[in-house]
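Protein chains in written order, with my numbering: chain C, 303 to 452; chain Z, 17 to 261. Using N, Cα and C, we set each Cβ at its ideal position, and we do this for glycine too. Given the structure is predicted, the values throughout are model-derived calculations rather than measurements. Here's the structure we're looking at; comments come further down.
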Amino acid sequence: MTKRSRRILLIGALLGVTSIATLLVLTALKQSVAYFYTPSDLAKLAKKPAGLLRLGGLVATGSVKFAEGGDATVNFTISDEFATTPVTYRGVLPDLFREGQGVVVQGRLNPEGVVVASEVLAKHDENYMPREVADALKKQGRWKDGEKTP
Amino acid sequence: MYDLANPDRFDRFARAATPIAAAGALLLLVAGLYLALFGSPADYQQGESVRIMYVHVPAAWMALMCYSSMAVASVVGFIWKHPLADVAAKATAPIGASFTFLALVTGSLWGKPMWGTWWAWDARLTSVLILFFMYLGYMAAWSAFEDKSRAARIAAIICIVGFINVPIIKFSVDWWNSLHQPASVFRADGPSIHSSMLTPLLLMGLAYTLIFTALLFISMRAELAERRIARLEAAARAPSEVKVA
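Shown next as structure tokens:
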């Protein structure tokens with residue numbers, strides 16, 4: 303075996319071993335690498351997380367209710383396709399927060415199953431378009447609020 | 017292509033090509049920035065903040081592109097012992113690290129108004145931070161060894177092992193729930209970005225690529241010159257050492 307083919311073999315083996323090792327690590331980390339739970343993930347969990355957790359999904363349409371008296375408390379539910387989770391939060395909301403918007407909240411689950419959030423982050427999707435185009439799509443009925451963009 | 021593998025021919029080619037690449041970069045950068053800042057519409061969702069995309073996204077592309085080309089050069093240098101490949105890989109690292117840093121900083125500046133946070137430990141952000149540290153580790157490996165060929169060998173192995181991070185970065189937003197949104201341009205069903213915004217983005221991408229090309233040529237020529245000086249110095253020292261002995 304020439305020196306060069308030995309080096310080729312070494313590189314091949316190196317890549318093979320690293321890929322397998324990474325694959326194993328990532329499989330083991332599957333849940334903890336995810337930045338947030340979705341409401342259906344949370345519903346499936348037999349043992350609810352006791353500490354801080356992050357929950358992500360869409361703000362359900364019609365669910366946003368600001369508390370009376372103006373103490374900046376807001377209640378809403380986060381939904382995915384299959385489940386919903388109620389959230390209560392007191393503080394400043396990001397600009398992109400609105401019904402139908404993707405959000406990630408961080409907080410604790412209280413005994414009633416409500417997430418008491420200490421932080422609300424807004425997600426935005428991968429679609430970029432001028433406002434006029436978005437309005438035209440909505441006018442033509444090809445896209446509704448809170449729906450996946452066409 | 018094969019001819020260019022000769023360091024002297026490469027030097028002549030790079031000397032001629034550098035100003036062309038630099039001029040092209042400047043031209044595209046002016047056109048791209050004009051379109052990005054004035055000639056493109058605000059986003060329906062993000063408003064004016066979307067303009068950060070035009071500096072952020074190409075920087076992130078370059079971060080991955082630089083690392084990938086570094087890995088290819090490392091494989092060629094490691095297997096075929098080609099000195100020019102080692103020089104190319106070594107010269108790419110600081111440029112790639114700068115683009116990665118730019119992507120991290122502009123991403124953070126974009127994250128604050130849009131997401132509501134400067135930083136989140138989600139899969140995409142974390143894997144790009146790891147990429148940045150890998151660039152630094154790679155550069156440290158080069159300077160850790162006196163013997164250049166030994167340094168090249170060890171740096172190449174580090175780079176090739178680290179390449180596994182590149183597909184992880186690319187697909188992190190598809191594999192896991194992340195705060196960062198999925199890809200808008202390089203995706204299976206075509207770009208999900210309006211053409212009025214895609215044009216300046218691609219112009220900026222081309223401008224960054226030419227900036228990279230010009231910087232790479234300059235720093236490869238500098239490295240080649242440095243090696244030549246080291247060789248000449250060694251040759252000049254050699255006879256006197258013989259005398260002392």
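### Query
At a CB-CB cut-off below 9 Å, which residues of chain C make contact with isoleucine 173/Z?
Leu312, Ile313 and Leu316
### Message
Counting beta carbon pairs with one atom in the region 38–46 of chain Z and one in the region 99–118 of chain Z, are three or more of them shorter than 8 Å?
### Response
No, the region 99–118 of chain Z is not in contact with the region 38–46 of chain Z.
### Task
Within the region 79–105 of chain Z, note down every full beta strand (DSSP E) run reaching 3 residues or more, in order along the chain.
none
### Query
If contact means a Cβ-Cβ distance below 9 Å, which residues of the region 337–349 of chain C contact chain Z?
Tyr337, Phe338, Tyr339, Thr340 and Asp343
### Query
Can the beta-carbon of leucine 398/C be found closer than 9 Å to that of methionine 69/Z?
no
### Query
Can you name the residues of chain C whose CB is closer than 7 Å to the CB of phenylalanine 94/Z?
Under a criterion of Cβ atoms nearer than 7 Å, the residues of chain C adjacent to phenylalanine 94/Z are, in order, Arg309 and Ile313.
### Message
Residues of the region 396–411 of chain C in Cβ contact with chain Z at a cutoff of 7 Å, in chain order, please.
### Response
Pro396, Asp397, Leu398 and Val406
#### Entry: Whole-angstrom distance between threonine 304/C and methionine 431/C, CA atom to CA atom
In a straight line, the C-alpha of methionine 431/C is about 57 Å away from that of threonine 304/C.
### Query
With threonine 324/C and isoleucine 180/Z assumed to form a contact (beta carbons below 8 Å), what rounded beta-carbon distance in angstroms separates them?
5 Å
### Message
What are the residues in the region 191–223 of chain Z lying within 7 Å of chain C by C-beta distance?
### Response
Trp192, Asn193, Ser194, Leu195, Gln197, Pro198, Ala199, Ser200, Ser208, Ile209, His210, Ser212 and Met213
### Message
Just to confirm before moving on: does the CB-CB distance between valine 422/C and tyrosine 337/C stay below 9 Å?
### Response
no
### Query
In chain order, what residues of the region 123–149 of chain Z put their CB closer than 8 Å to some CB of chain C?
Pro129, Met130, Trp131, Gly132, Thr133, Ala136, Trp137, Asp138 and Ala139
### Message
Cutting at 7 Å between CB atoms, please list the residues of its own chain near tyrosine 151/Z, excluding the five before and the five after it.
### Response
If the five residues before and after tyrosine 151/Z are omitted, its C-beta is found closer than 7 Å to the C-beta atoms of Ala109, Gly112, Ala113 and Thr116, all from its own chain and listed in chain order.
### Query
arginine 392/C and alanine 374/C look like a contact to me (Cβ under 8 Å); what is the Cβ gap, rounded to whole Å?
6 Å
### Query
DSSP on asparagine 181/Z, reduced to helix/strand/coil?
helix
### Task
Please decide whether threonine 363/C counts as near chain Z, where near means a Cβ-Cβ distance under 9 Å.
no
### Query
Taking C-alpha atoms, which residue in Ser208/Z, Val91/Z and Ala136/Z lies nearest to asparagine 429/C?
Ser208/Z
### Task
Decide if leucine 141/Z is buried, meaning its Cβ has at least 16 other Cβ atoms within 10 Å, or exposed.
buried
### Task
Express the C-alpha separation of valine 182/Z and threonine 225/Z in angstroms, rounding to a whole number.
18 Å
### Task
Could you tell me whether any Cβ in chain C is nearer than 9 Å to the Cβ of aspartate 59/Z?
yes
### Message
Let me see if you follow: with CB-CB separation under 9 Å, is phenylalanine 54/Z close to chain C or not?
### Response
No - not a single Cβ of chain C is within 9 Å of the one on phenylalanine 54/Z.
### serine 188/Z vs serine 143/Z beta-carbon contact at 9 Å
yes
### Task
Check isoleucine 313/C in the structure and name its three-state DSSP category.
In this structure, isoleucine 313/C counts as helix in the three-state DSSP scheme.
### Every unbroken alpha helix (DSSP H) within the region 139–198 of chain Z, with a cutoff of 4 residues, ordered by chain
139–160, 164–178 and 181–191
### Query
alanine 315/C: which of His72/Z, Trp77/Z, Ile176/Z and Phe161/Z sits nearest, CA to CA?
Ile176/Z
### Classification of tryptophan 192/Z by the beta-carbon crowding that lies within 10 angstroms, buried from 16 upward
buried
#### Entry: Reduced DSSP category for leucine 357/C - H, G, I as helix; E, B as strand; rest coil
strand
### Query
Does the beta carbon of methionine 236/Z come closer than 9 Å to any beta carbon on chain C?
no
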